[in-house]
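Trainee:
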Amino acid sequence: MKPIEINQVQRWLDKFINTSVYIHVETTNGAYASHFDDKAYNVGAYVRNVQITYTQAKIVGEGNAFRVGLKTSNGWIYAEGLTDWTIHEDTKVLLAGHDREGRLMVALQLSETPFDY
Amino acid sequence: MDKHVVIILPHPDDESFGSAGSIAQFRSQGIPVTYLCGTLGEMGRNMGNPPFANRETLPEIRKQELKNACEVLDIDVKMLGYRDKTIEFEDRNAVANHLQGILEEINPSLVITHYPGYAVHPDHNALGAAAIQAVEQMEKSRRPVIWAQAFARGFQKELGEPDIINDVEDQFETKMNAILCHQSQAGGMIGQLKNYKDLGAEVLQEAKDRFGKEAFFTL
Numbered sequence: 001m002k003p004i005e006i007n008q009v010q011r012w013l014d015k016f017i018n019t020s021v022y023i024h025v026e027t028t029n030g031a032y033a034s035h036f037d038d039k040a041y042n043v044g045a046y047v048r049n050v051q052i053t054y055t056q057a058k059i060v061g062e063g064n065a066f067r068v069g070l071k072t073s074n075g076w077i078y079a080e081g082l083t084d085w086t087i088h089e090d091t092k093v094l095l096a097g098h099d100r101e102g103r104l105m106v107a108l109q110l111s112e113t114p115f116d117y
Numbered sequence: 001m002d003k004h005v006v007i008i009l010p011h012p013d014d015e016s017f018g019s020a021g022s023i024a025q026f027r028s029q030g031i032p033v034t035y036l037c038g039t040l041g042e043m044g045r046n047m048g049n050p051p052f053a054n055r056e057t058l059p060e061i062r063k064q065e066l067k068n069a070c071e072v073l074d075i076d077v078k079m080l081g082y083r084d085k086t087i088e089f090e091d092r093n094a095v096a097n098h099l100q101g102i103l104e105e106i107n108p109s110l111v112i113t114h115y116p117g118y119a120v121h122p123d124h125n126a127l128g129a130a131a132i133q134a135v136e137q138m139e140k141s142r143r144p145v146i147w148a149q150a151f152a153r154g155f156q157k158e159l160g161e162p163d164i165i166n167d168v169e170d171q172f173e174t175k176m177n178a179i180l181c182h183q184s185q186a187g188g189m190i191g192q193l194k195n196y197k198d199l200g201a202e203v204l205q206e207a208k209d210r211f212g213k214e215a216f217f218t219l
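So the sequences go chain by chain: A and B.
Take the first sequence: its position 11, counted from the start at 1, is 11 in the UniProt record's numbering, and no numbers get skipped.
Take the second sequence: its position 90, counted from the start at 1, is 90 in the UniProt record's numbering, and no numbers get skipped.
Shown next, in the form of structure tokens:
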């Protein structure tokens, strides 16, 4: 992946407006957070291959971390801390936030076809 | 019963960190070893450091890393096809039956797995429990011995000390080479070990202290 280029990402988000897309949304602090620090919690969630349609999309941010909001007919998809992006298999938009050690903290991915299992 | 060791762990790299030394010792005695690897670690957060994988490319990359490590260890590998982080939500009986079928085919003398409830990661605990159930479901005369690995904080308080402590320092290099096959996981502790041969004697000794012994509970 490469550092987010806000204008290019915005163009890709616009492409999918009013189109049914599969999403992958995820956040995690790893499976060992509370193992290494007994006062910490393991926190994570992911949604994969759920279909949504959004009517508005915007990427906002400054510096190296960005937020994305996708407005649907009755709600929102939201992700923050996004730092990098790539186009996977020519058609899938992958956005992710990595920490200084390169570990994934958050991801937001969109595709007109399902992600692999 | 001919000797054959089956390793049942959920993630590519679990085999290398936890039991590569013991595996290498079995192989040096000519004992066949088969690794039943539960998932491809699809949901891992380490993507290499600097990152070279992403959420969609990670499974294939980790599959290749797994094959490389198994080649270093000279063992067979069978991928079970579960998805990372989901084993605890699968039907426990279905997973146990799946494992039982494979074990009855291989007819192992020893199974190495995680100690349920004492192996930190939910996948470790769930696959360990299914593996133990699978063995219990086997006909008594065919049941392999089970070695279970525990490393949850304070496990000794509840379980006591492991009865098997393998000194694997003679296999240290093979173990390090197996661990280092898992390059995408370099964000964790592997990163520090990448150049272990160039590290000072003190650091090398620390690594040996840490990875030079492998402990198991016989169940």
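Built from N, CA and C at the ideal position, the CB exists for glycine as well.
Which bits of chain A does Asn-46 of chain B rub up against, with CB to CB less than 9 Å?
Mentor: Gly-30, Glu-101, Gly-102, Arg-103, Leu-104
Trainee: DSSP three-state call for Tyr-32 of chain A: helix, strand or coil?
Mentor: Tyr-32 of chain A sits in coil when the DSSP states are folded into three classes, being neither helix nor strand.
Trainee: Would a check of beta-carbon distances place Ala-79 of chain A closer than 8 Å to chain B?
Mentor: False, the Cβ-Cβ gap to chain B never drops below 8 Å.
Trainee: Which chain A residues are close to His-121 of chain B, counting only those with a beta carbon under 9 Å from its beta carbon?
Mentor: Here the neighbours are Ala-31, Tyr-32, His-35.
Trainee: Chain A beta carbons: is any one of them nearer than 8 Å to that of Arg-210 of chain B?
Mentor: no
Trainee: Could you spell out the range, first to last residue, of the beta strand (DSSP E) harbouring Ser-111 of chain A?
Mentor: Annotation: the continuous beta strand (DSSP E) that includes Ser-111 of chain A extends over 104-111.
Trainee: Mapping the DSSP letters down to three states, classify Met-176 of chain B as helix, strand or coil.
Mentor: helix
Trainee: Whose Cβ in chain A lies nearer than 9 Å to the Cβ of Glu-15 of chain B?
Mentor: Per Cβ cutoff of 9 Å: no residues; Glu-15 of chain B is ~17 Å from chain A at best.
Trainee: Could you tell me whether the region 53-60 of chain A touches the region 4-18 of chain A, using the rule of 3 or more Cβ pairs below 8 Å?
Mentor: yes
Trainee: Return helix, strand or coil for Ala-201 of chain B, following the three-state DSSP convention.
Mentor: helix
Trainee: In the DSSP assignment, what residue or residues form a beta bridge with Thr-86 of chain A?
Mentor: A:Leu-94
Trainee: Beta-carbon separation of Gly-81 of chain A and Met-105 of chain A under 8 Å?
Mentor: yes
Trainee: Please state if the CB of Ile-146 of chain B and the CB of Val-111 of chain B are separated by a distance shorter than 8 Å.
Mentor: yes
Trainee: If I'm right that Val-168 of chain B touches Glu-136 of chain B with Cβ under 8 Å, what's the distance once you round it to whole angstroms?
Mentor: That belief does not hold up - the Cβ atoms of Val-168 of chain B and Glu-136 of chain B are roughly 29 Å apart, past 8 Å.
Trainee: In chain order, what residues of the same chain have a beta carbon less than 7 Å from the beta carbon of Asn-54 of chain B, not counting five sequence neighbours either side?
Mentor: Met-47
Trainee: Threshold first: 4 residues or longer. Then list the alpha helix (DSSP H) segments lying entirely within the region 94-169 of chain B, N to C.
Mentor: DSSP assignment within the region 94-169 of chain B yields the following whole alpha helix (DSSP H) runs of 4 residues or more, N-terminal first: 122-137, 155-159.
Trainee: For the region 19-54 of chain B, which segments carrying the beta strand (DSSP E) assignment without a break, of at least 3 residues, lie completely within its bounds, in sequence order?
Mentor: 33-37
Trainee: Just the C-alpha distance for Gly-154 of chain B and Leu-40 of chain B, rounded to the nearest angstrom, thanks.
Mentor: Approximately 29 Å between the Cα atoms of the pair.
Trainee: Would you mind sorting Trp-76 of chain A into buried or exposed? The rule is 16 or more other CB atoms within 10 Å of its CB.
Mentor: exposed
Trainee: How long is the line joining the alpha carbons of Lys-92 of chain A and His-121 of chain B, rounded to whole angstroms?
Mentor: Cα to Cα, the separation comes out at about 31 Å.
Trainee: So, for Ile-6 of chain A: in the same chain, excluding its five sequence neighbours on each side, which residues have a beta-carbon less than 8 Å away from its beta-carbon?
Mentor: Ile-59, Gly-61, Phe-66
Trainee: Measuring only the C-alpha atoms, how far is Phe-151 of chain B from Leu-13 of chain A?
Mentor: 45 Å
Trainee: Report yes if the C-beta distance between Lys-78 of chain B and Ile-61 of chain B is below 8 Å; otherwise report no.
Mentor: no
Trainee: Using a C-beta to C-beta distance shorter than 7 Å, which residues of chain B count as neighbours of Gln-51 of chain A?
Mentor: None at all; the shortest Cβ gap to chain B is about 18 Å.
Trainee: I'd like the list of long-range same chain contacts for Thr-174 of chain B, defined as Cβ closer than 8 Å, with 5 residues on each side in sequence excluded.
Mentor: Ala-20, Gly-21, Ala-24, Val-72, Leu-73
Trainee: For Gly-69 of chain A, list the residues DSSP reports as bridge partners.
Mentor: A:Lys-58, A:Tyr-78
Trainee: So Arg-83 of chain B and Ala-129 of chain B are supposed to be a Cβ contact under 8 Å. How far apart are they, rounded?
Mentor: Arg-83 of chain B to Ala-129 of chain B, Cβ: 18 Å. No contact.
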